[in-house]
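Anchor point for the sequence shown: position 397 equals 551 in the numbering used here, and the numbering is continuous, going up by one each time.
Where is the CB? At the ideal position from N, CA and C, for every residue including glycine.
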Amino acid sequence: MSGLLTVEGGTPLHGEITVRGAKNFVSKAMVAALLGETPSELRNVPVISDVEIVAGLLRLHGVTVDYDVEGGVLHLDPSNVESAHVADIDAHAGSSRIPILFCGPLLHRLGEAFIPDLGGCRIGDRPINYHLDILRSFGAVVDKQVQGIYITAPLGLHGTRIELPYPSVGATEQTLLTAVRAQGLTELRNAATEPEIMDLIAVLQKMGAIISVDTDRTIRIEGVAHLGGFRHTALADRIEAASWASAALATHGDVFVRGASQPEMMTFLNTFRKVGGAFDVREDGIRFWHPGGDLRSIVLETDVHPGFMTDWQQPLVVALTQADGLSIVHETVYENRFGFTEALRGMGATIQVYRECLGGLRCRFGQRNFLHSAVVSGPTPLRAADIDVPDLRGGFSHLIAALAAEGTSRVRGITLINRGYENFLGKLEALGARATIADPAPAVAAR
Ligand code: EPU
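And the structure:
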C-alpha cells in the first residue's frame with residue numbers, strides 16, 4: 155500500500171465539491187452490461203479504482219470498454235464475450251469483491267465462470283455462502299479448487315425460490331443478475347432494497363427484464379431469453395456525500411456537496427440534524443455545515459435500508475467525538491466495523507467498544523465474540539498522529555480526524571481511499587485543507 159499524506163489539521167473545510175455516481179451501483183451496472191446483446195452507456199461514472207478494476211475484468215472477458223473520464227461516460231460493448239485466463243482474472247480482481255457478481259452473467263453468456271479469492275475491505279469475515287447457495291439454487295454446479303471457484307451450469311439456469319437469512323446487498327444483486335435470464339420465475343424473499351439496488355433494477359428493466367418489488371422485501375423476476383443494452387445515469391454516491399458532510403461537521407466547516415440527493419439520504423439527514431449539524435437541500439446538491447454551539451450526543455443503530463447505513467457510521471463517529479456527552483453506536487450490519495476506533499483513541503478520542511448489543515434491539519452478533527457496539531464520550535480535542543489506513547471508510551474517517559486535529563498528521567496508505575472517493579486530494583484542496591502528498595500515488599490504482 156503506498157501514498158503518504160501529510161495533513162496540517164485544525165482548519166475548517168470550506169467550499170464546494172461534486173459527487174458523481176455511486177461506487178456501489180456503478181460497478182454492478184457495469185456487470186449488468188455483460189447480459190446485453192447490444193452495447194450499453196453509463197453516465198455519471200466517477201474516476202475511482204473500483205471502476206478501473208471492473209473495467210479491466212470486463213475487458214478480460216472480451217467486452218470493449220471506452221471511458222470518457224472527463225464526461226464520466228462509459229461505453230460497454232459485450233458483443234464478443236469470451237472466457238478469460240484464470241491467472242489474469244486473479245491478478246485483476248485484486249482488492250475487489252465484484253468478481254462474484256460476474257457468475258450469473260458469465261454462466262448465461264459462456265456456460266462457465268471462475269471466481270478467484272475475493273478481497274474487499276477487512277470489516278468482518280465477508281463470506282460468500284449466500285452467493286454460492288443462490289447460484290446452486292438456480293442449477294449451477296460449484297467446484298471449489300485451490301485457485302478459486304469454478305462454476306458451471308450443465309443443464310442451464312432455471313428460476314427458483316430463495317429466502318435470504320439476512321437482506322444482503324450482494325446476494326440480492328447476485329439473484330437479480332442471474333434470474334433475469336434464467337428460465338421461468340424467481341422469487342426472492344427478505345431481499346435488500348437499497349437505492350443502489352433499485353437503480354440496478356431500473357437498469358435491468360431498461361434492458362428488457364421483468365422485475366417487481368413488493369412492500370415486504372419480496373422481489374419477483376420473470377426470466378426472459380434476451381436482453382439488450384441500456385442508457386442510464388447513475389444515482390449519486392450517498393456514502394461519499396455523507397462522508398464530506400461528516401467532515402464539515404467535525405472540522406466546524408461548511409461544505410456544499412454538489413450532486414448529493416435528498417431522497418436517498420433522508421435517514422442520514424435526520425441523524426445529522428439530531429447531532430446538531432445544519433443542512434440546506436438545494437436543486438443541485440446539499441450544503442452541510444456546523445452552525446456553532448455544542449454538538450449533541452446520540453444513540454445510533456446501523457441497519458439495512460431504509461435504516462442508517464453502515465458506511466455512514468465511521469465518518470460520523472469522528473464527528474461524535476466532538477459531541478457533548480455519551481453517544482452509543484450499535485453496528486448491526488458488519489460484525490467488525492469498529493477497528494478504526496483504535497487510531498481515533500490514539501488521537502485523543504474516548505471510545506469504548508463492547509460485545510453487547512447496546513442502545514438498540516438485539517442483533518445477530520449479540521451473544522457472540524464481536525466488538526460491535528461503541529460508546530463515544532465527548533467532546534475530546536483530537537491531536538495529530540501517524541495513521542495507517544485500515545480500509546476504505548475507516549481510512550476516510552481517519553482523514554477527517556486528522557483534518558479536525560491540532561498539529562500535523564501523517565496518513566499512510568491513502569491509495570486505498572481512491573477505491574471509493576473520486577479525486578479526494580483535489581477535493582481536499584478545493585475545501586482549503588492543508589494536505590500535501592509526500593509519496594505520490596496514481597489517482598487511480600493501476601490494476
Ligand atoms: N453476508 C453473509 N454471507 C454472504 C454475503 C453477506 O453472511 O454470502 C453477510 C455479511 O458478512 C454482512 C451482511 O451479510 O454481515 C451484509 O453484507 P452485504 O452482502 O449486504 O454487503 P456487500 O454486498 O458485501 C455492499 C457494499 C458495502 C456495504 C454493504 C451494506 C458493495 C461493493 N459493497 O457489500 O460497501 O457496506 O453492501 O450496505 O456494494 C463500502 O462501500 O465501503 C462497502 C463496504
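Just grab the DSSP bridge partners of residue i for me.
i, result
"Val411", "Ile171, Ile440"
"Tyr304", "Phe268, Asp297"
"Ala589", "Val161"
"Ala401", "Paired residues: none, contrary to the question."
"Gln337", "His312"
"Asp434", "Arg441"
"Leu480", "Ser531"
"Leu454", "Val483"
"Asp540", "Arg564"
"Ser366", "Arg374"
For the alpha helix (DSSP H) holding residue i, just list the boundary residues, first then last.
i, result
"Gln468", "464-474"
"Leu358", "349-361"
"Asp287", "283-291"
"Thr421", "420-429"
"Val378", "Taken as a continuous stretch (DSSP letters only), Val378 belongs to no alpha helix (DSSP H), as it is neither H nor E."
"Ala390", "Here Ala390 belongs to no alpha helix (DSSP H), and DSSP marks it neither H nor E."
Give me the Cβ distance between residue i and residue j, rounded to the nearest whole Å; I'm assuming they're in contact under 8 Å.
i, j, result
"Thr569", "Gly157", "4 Å"
"Gln328", "Gly258", "7 Å"
"Ala267", "Ile305", "5 Å"
"Val185", "Val205", "Not confirmed; about 12 Å, so no contact."
"Arg509", "Asn490", "At roughly 12 Å, the Cβ-Cβ gap does not stay under 8 Å, so Arg509 and Asn490 are not in contact."
"Leu230", "Ser203", "Actually they do not touch by this definition, with Cβ atoms about 18 Å apart."
"His215", "Glu236", "6 Å"
"Phe462", "Ala399", "Rounded, the Cβ-Cβ distance is 13 Å, inconsistent with contact."
"Ile554", "Ala401", "5 Å"
"Asp448", "Asp478", "4 Å"
"Ala414", "Ala379", "The pair is not a contact, with the Cβ atoms about 40 Å apart (cut-off 8 Å)."
"Pro469", "Arg547", "7 Å"
"His285", "Ile254", "5 Å"
"Leu474", "Ser451", "7 Å"
"Thr326", "Ala346", "4 Å"
Run through DSSP, which three-state label would residue i get?
i, result
"Arg499", "helix"
"Tyr320", "coil"
"Arg601", "Its pLDDT being 31, under 50, Arg601 is placed unreliably in this model, and the value from its coordinates should be taken loosely. Looking at Arg601 - three-state DSSP - the assignment turns out to be coil, as it is neither helix nor strand."
"Phe550", "helix"
"Tyr575", "coil"
"Ile202", "coil"
"Glu489", "coil"
"Thr504", "strand"
"Leu515", "coil"
"Leu449", "strand"
"Glu583", "helix"
"Leu342", "strand"
"Phe384", "coil"
"Gln416", "coil"
"Gln328", "helix"
"Asn523", "coil"
"Phe494", "coil"
"Ala556", "helix"
"Met155", "Note that Met155 scores 44 on pLDDT, short of 50, meaning its location in the model is unreliable; the coordinates nonetheless yield the value given after this. Coil, per DSSP."
"Ala176", "coil"
"Thr569", "helix"
"Pro166", "coil"
Tell me where the beta strand (DSSP E) around residue i begins and ends.
i, result
"Glu191", "From DSSP, Glu191 is part of no beta strand (DSSP E); its letter is neither H nor E."
Residue ranges of each beta strand (DSSP E) within the stretch 204-275, 3 or longer: Within the stretch 204-275, the runs of beta strand (DSSP E) at least 3 residues long that lie entirely inside it are, in chain order, 218-222, 227-231, 266-269.
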